[in-house]
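So, in structure tokens, the structure goes:
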């Protein structure tokens, strides 16, 4: 393959058509089904079109937005592809951001007890967060990713020109997951990300940073595929971040995932100072950098009492205790930490 970086699961490619043609070579064109959302259909289909002569009726375009990540849209995928003769000798290709690859992976993993699928993430968030680990799912009853599966795609193809279709908010949303990778496992990556200038986008340098972030996640996932231990480290910033994301979605004013996680990382770093002795200077550096990139969190985040009920539904919890991954130092974390509601509220105010 004409890949810049590659492992058994993911390729960062220079030639999307050649890679797609090779990966789909074992499937007839009529057995290949493609799933898009409205944004990726508009901006990314022109970069995908032509690798095979796929029948137009094998393409399905869903509405965009996190609010579409629900069982009704999954049923639409099942119904549409099922009505066009999809079977277990078929291939599904999901082209989109995290919402689309989450939903598409879940639909593929459950249709006919599991269909082969390829993910082509088109946002930075999907490239660094959804490209490794095999997690897929949908939101249910207002809870983020409450229903889902862990099923590996045949392959994930990363194509950096897709990032040129993104606005600054979408780039920053993905950048937060890269910052997280450095904070939990690689202080040198964190330092490189602080020095990287997103406003002067350098594709080659960005490719290296993306791949380092993916390697960190892959190493963690490979050591703990079922999230019994070390994989929980990937949840740093997400206990509070997901709660704020769920609350904002419920209130009809959705906040981008990466922004919620970025602010969640500040709050959970403040909690780390209290619980694990993280250096106050490390918290200050983190807070300054995240405020510079994402601004200060809104008042709804700082008044965290309304977030506690969402945290109580978090999948990571055990024995009715809210579970956190916290930092011992930049580049080193500890899983299975707990905190009182008063401590959580206080640390959200510190964000």
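Numbering (the working numbering), first residue to last: 1480 to 1830. Even for Gly, the Cβ is constructed at its ideal location relative to N, Cα and C.
DSSP places residue 1620 outside both helix and strand once states are collapsed to three, so it counts as coil.
Taking all protein chains shown into account, residue 1643 has fewer than 16 neighbouring C-beta atoms within 10 Å of its C-beta and is therefore exposed.
Three or more Cβ pairs drawn from the stretch 1716-1723 and the stretch 1735-1748 lie within less than 8 Å of each other, which places the two stretches in contact. Here residue 1589 is not bridged, per DSSP, to any residue. If you keep only unbroken alpha helix (DSSP H) runs of at least 4 residues inside the stretch 1659-1709, you get 1666-1674, 1682-1702. In the three-state reduction of the DSSP assignment, residue 1611 falls in the coil class. Out of 1596, 1567, 1560, 1554, the CA that lies nearest to the CA of residue 1573 is found in 1596. Where residue 1518 is concerned, the enclosing alpha helix (DSSP H) starts and stops at 1517-1522. Rounded to the nearest angstrom, the gap between the Cα atoms of residue 1797 and residue 1613 is 23 Å. Between residue 1711 and residue 1811, the gap from beta carbon to beta carbon reaches 8 Å or more.
Shown here, residue 1630 sits in coil according to DSSP, grouped into three states, outside any helix or strand.
By a beta-carbon distance limit of 8 Å, residue 1793 contacts residue 1801. Their separation comes to about 7 Å. Counting along the chain, residue 1808 sits inside the beta strand (DSSP E) bounded by residues 1802-1808.
Residue state for residue 1574 is assigned as strand, using DSSP reduced to three classes.
Judged by DSSP secondary structure, residue 1495 falls within the alpha helix (DSSP H) whose first and last residues are 1495-1502. Counting only runs of 4 or more residues that sit fully inside the stretch 1727-1784, the alpha helix (DSSP H) segments are 1736-1755, 1759-1773, 1778-1781, in chain order. A direct Cα-to-Cα measurement between residue 1499 and residue 1751 gives close to 44 Å. Judged by DSSP in its simplified three-state form, residue 1823 adopts helix.
Note on geometry: alpha-carbon atoms of residue 1689 and residue 1610 lie some 11 Å from one another. Within the same chain, Cβ atoms closer than 8 Å to the Cβ of residue 1559 are found at 1539, the five residues on either side in sequence being excluded. The residue from 1696, 1733, 1748, 1816 with its alpha-carbon nearest to that of residue 1489 is 1696.
A contact between stretches requires three or more CB pairs, one per stretch, nearer than 8 Å, and the stretch 1663-1672 fails this requirement with the stretch 1575-1590. When secondary structure is reduced to three states using DSSP, residue 1788 falls in the helix class. Burial is judged here by how many other beta carbons sit within 10 angstroms of a residue's own beta carbon; residue 1567 has fewer than 16 and is exposed. Sixteen is the threshold: when 16 or more other Cβ atoms of the shown chains lie within 10 Å of the Cβ of residue 1617, as they do, the residue is buried. Per DSSP, residue 1603 has no beta-bridge partner at all. In this structure, residue 1803 sits away from residue 1760, with a CB-CB distance that is not shorter than 8 Å. Taking residue 1519 as reference, the option from 1598, 1590, 1790, 1592 with the minimal CA-CA separation is 1598. With contacts defined by Cβ atoms closer than 8 Å, residue 1753 and residue 1820 do not form a contacting pair. Apart from sequence neighbours up to five positions away, the residues of its chain that approach residue 1648 with a beta-carbon distance below 7 Å are 1735, ordered along the chain. Around residue 1549, the same chain offers 1617, 1618 as residues with beta carbons nearer than 7 Å, after the five sequence neighbours per side are excluded. A distance below 8 Å separates the beta carbons of residue 1659 and residue 1744.
Classified as exposed, residue 1504 has fewer than 16 neighbouring CB atoms from the shown chains inside 10 Å of its CB. By the beta-carbon neighbour count (other beta carbons within 10 angstroms, threshold 16), residue 1640 is exposed. In this structure, DSSP gives residue 1598 an extended state, which the three-state scheme calls strand. Distance from the CA atom of residue 1791 to the CA atom of residue 1722, rounded to whole angstroms, is 9 Å.
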